[in-house]
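Everything on this sheet refers to the single structure shown next.
Number of protein chains: 2
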Amino acid sequence: MCEDLQMAPRDSAGKTLADYPRPSVAVDTAVLTVRDGRLCVVLVEDGRRLPGTFLHEGETLADAVDRALLTKAGLRGEHPTQLHVFDDPGRDERGWVLSVAHLVAVPALRLEELPAGVVLTRVTGVGTLDFDHNQILDLAVERLRADYRYRPDPGALLDEPFTLRELQHLHEGVAGQRLMRDTFRRRMEPQLVATGDYHRGSVGMPARTFVRPRDEIRAER
Amino acid sequence: MCEDLQMAPRDSAGKTLADYPRPSVAVDTAVLTVRDGRLCVVLVEDGRRLPGTFLHEGETLADAVDRALLTKAGLRGEHPTQLHVFDDPGRDERGWVLSVAHLVAVPALRLEELPAGVVLTRVTGVGTLDFDHNQILDLAVERLRADYRYRPDPGALLDEPFTLRELQHLHEGVAGQRLMRDTFRRRMEPQLVATGDYHRGSVGMPARTFVRPRDEIRAER
DNA sequence: CAAATAGTGTCTTTTAGACACTATTCG
DNA sequence: CGAATAGTGTCTAAAAGACACTATTTG
């Protein structure tokens, strides 16, 4: 044990890492989706907070996010995007806790059945959340909107293949406003790969279907 | 002491925060400037790494950055922008260390005299740095370029008042390429406040001088 | 006056917005 | 056929790129 200390690397003050107090590090994640044309977020603890957990030793932040989503919301295989570290020393009354905010986009179909206490809420109808989770949510929404502004479906929210109409409906949900059909088509069509197949709706001319280009998957930054 | 444990808030597993191992959290900062028309970065340890330090208890990340810049590079009163958390469990051989990368822009005039071991190096000439500091530097450069793309001087790198020529020269340094005079002027002039005064260079027509609009300061995101 | 820099005008190309028209399908 | 949706063309307005011309100063 004494040897351990002797061997441990020392910094410029001659101290080892163990000599400094360390913060707890949490990850909190805004899981966003578009359901019925509205942007929604997964909340736990009966709608009071975002799913989160403490970072474990030897684990990456992304792994901690995945673990939190699996244990708290029953979701697996997501691809979190890191947003920001919230570091106000008084943000958590339990002690010194940093929170690394994350964003995950999940197709609404995968959020049909949620564990008890977990709810899917429209982002416009979210009340006051615990800690600084309202701030995290705002940041996540802003980021998702920025990601969708110029790309078809960086979060892979749509099942392939999809029509331009379905894609535009998704975008309108994310943006929270109507979009112009002509401009939308001009912007998105060059970034999509046509399947050659058609989708037949209830009425109207059949629509071409598309898939995401192979290199666009997970370019969510 | 037993009471302490009794009183401490517990999580869903009935454990207190103290029961979990915690990582050390460092801040590492790319201090960027434009000197002689070239984008440069402040390196410590004889050019091997970015200035950084460990986060202290009760301190914000921004405060830790300021402390690191003061003690390692003699800089004070900066406004760090948070970039990203680097969390590879093996990134620091000393142990479990997360690094929160930051960006700070500093006018070249304030970097004329640096402590021993601290150097100002062109970003194009930076070799292999310790840890993942090359990644942090790349991210910082990318971010500074994005910040300057559509705004006159979000990092307050220029002394006021300045001419459009001086501003364009700064932008060319940040971007690492020449810019078109007409387009640059059209983009920037509406975002500047004319002083009404003129700057007289060695030859040529006197140039109008400008200051940043009051609300642009520290809009670096 | 020549060189250098600042300021302005304008032509073209590109892009975005707005709208109209045609095409195909279902009930 | 009529309503609904898809696909396409085109006019206009705004922005960006490219270039030219005028204005003012120093040496």
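Chains as they are written, first to last, in our numbering: chain A, -15 to 205; chain B, -15 to 205. Glycine included, C-beta positions come from ideal geometry on N, C-alpha and C. Note that the structure is a prediction, hence the values are computed from the model and not measured.
Residue range of the unbroken beta strand (DSSP E) whose run includes residue i
i: G180 of chain B; result: 177 to 183
i: R51 of chain B; result: Premise fails: R51 of chain B lies in the alpha helix (DSSP H), 45 to 57, not in any beta strand (DSSP E).
i: G79 of chain A; result: It is not in any beta strand (DSSP E) - G79 of chain A carries neither H nor E in the DSSP assignment.
i: H68 of chain A; result: 65 to 70
i: L23 of chain B; result: 22 to 27
i: T17 of chain B; result: 8 to 19
i: V102 of chain A; result: Note, V102 of chain A: premise wrong, no beta strand (DSSP E); not H, not E.
i: T112 of chain A; result: T112 of chain A -> no beta strand (DSSP E), and no H or E assigned at all.
i: G36 of chain B; result: 36 to 38
Chain-ordered neighbours of residue i on chain B, where CB pairs are closer than 7 Å
i: V84 of chain A; result: V69
For residue i, the nearest candidate out of the options (CA to CA)
i: G185 of chain A; options: A:V18, A:G101, A:T193; result: A:T193
i: R106 of chain A; options: A:V125, A:F115, A:R94; result: A:V125
i: S8 of chain A; options: A:D30, A:L27, A:F38; result: A:F38
i: E77 of chain A; options: B:G79, B:G61, B:D76, B:G42; result: B:G42
i: H63 of chain B; options: B:D30, B:L123, B:A140; result: B:A140
i: T65 of chain B; options: B:Y4, B:D143, B:L87, B:L104; result: B:L87
i: A10 of chain B; options: B:L128, B:D47, B:D181; result: B:D47
i: V28 of chain B; options: B:A178, B:T13, B:V187, B:L82; result: B:T13
i: R149 of chain A; options: A:R127, A:H183, A:V81, A:L123; result: A:H183
i: Q175 of chain A; options: A:A52, A:D199, A:F115; result: A:D199
i: L34 of chain B; options: B:L113, B:T147, B:P5; result: B:L113
i: V195 of chain A; options: A:E144, A:A52, A:G61; result: A:E144
i: E156 of chain B; options: B:E173, B:R129, B:T179; result: B:R129
i: T79 of chain B; options: A:Y4, A:M189, A:A178, A:G180; result: In the sequence as presented, Thr is not what sits at residue 79 of chain B; that position holds Gly. When only C-alpha atoms are compared, the closest one is A:Y4.
i: S83 of chain A; options: A:G61, A:V49, A:V110; result: A:V49
i: R19 of chain A; options: A:L53, A:L104, A:T44; result: A:L104
i: H40 of chain B; options: B:D30, B:G31, B:R32, B:A52; result: B:A52
i: T147 of chain A; options: A:V110, A:T179, A:G31; result: A:T179
i: G36 of chain B; options: B:F115, B:L151, B:D181, B:V110; result: B:F115
i: E173 of chain B; options: B:L142, B:P136, B:D181; result: B:P136
i: A85 of chain A; options: A:R127, A:Q152, A:M164, A:R133; result: A:R127
i: R133 of chain B; options: B:M164, B:G109, B:V110; result: B:M164
i: G61 of chain A; options: A:V187, A:G109, A:V15, A:L123; result: A:V15
i: V177 of chain A; options: A:P190, A:V187, A:P197, A:A191; result: A:P197
i: G109 of chain B; options: B:R32, B:V187, B:R6; result: B:R32
i: T17 of chain A; options: A:H153, A:D30, A:A191; result: A:H153
i: V81 of chain B; options: A:P138, A:R75, A:L45; result: A:L45
Within chain A, the residues that residue i reaches when beta carbons sit closer than 8 Å
i: T44 of chain B; result: D71, D72, P73
i: R6 of chain B; result: R6, P7, S8, V9
i: L121 of chain B; result: Near L121 of chain B there are no residues of chain A at all, since even the closest Cβ is about 18 Å away, more than 8 Å.
Interface partners of residue i on chain B, CB under 8 Å
i: Q66 of chain A; result: H68, V69
Listed by chain order, chain B residues near residue i by CB distance under 9 Å
i: E41 of chain A; result: Y4, P5, R6, P7, P73, W80
Review point. How about the segment 13 to 27 of chain B and the segment 151 to 162 of chain B: do they share at least three Cβ pairs that are nearer than 8 Å?
Key: yes
Check your understanding: Hey, is the segment 50 to 65 of chain B in contact with the segment 90 to 104 of chain B, meaning 3+ C-beta pairs nearer than 8 Å?
Key -> yes
Point to revise | Complete alpha helix (DSSP H) runs within the segment 133 to 197 of chain B (minimum length 4 residues, chain order) | key: 148 to 159, 165 to 172
Practice item. Mind the definition here: the segment 167 to 180 of chain B touches the segment 86 to 96 of chain B only if three or more C-beta pairs lie below 8 Å; say whether that holds. Key: no
Review point. Is it a yes or a no for the segment 116 to 132 of chain A touching the segment 62 to 77 of chain A, going by three-plus beta-carbon pairs under 8 Å?
Key: yes
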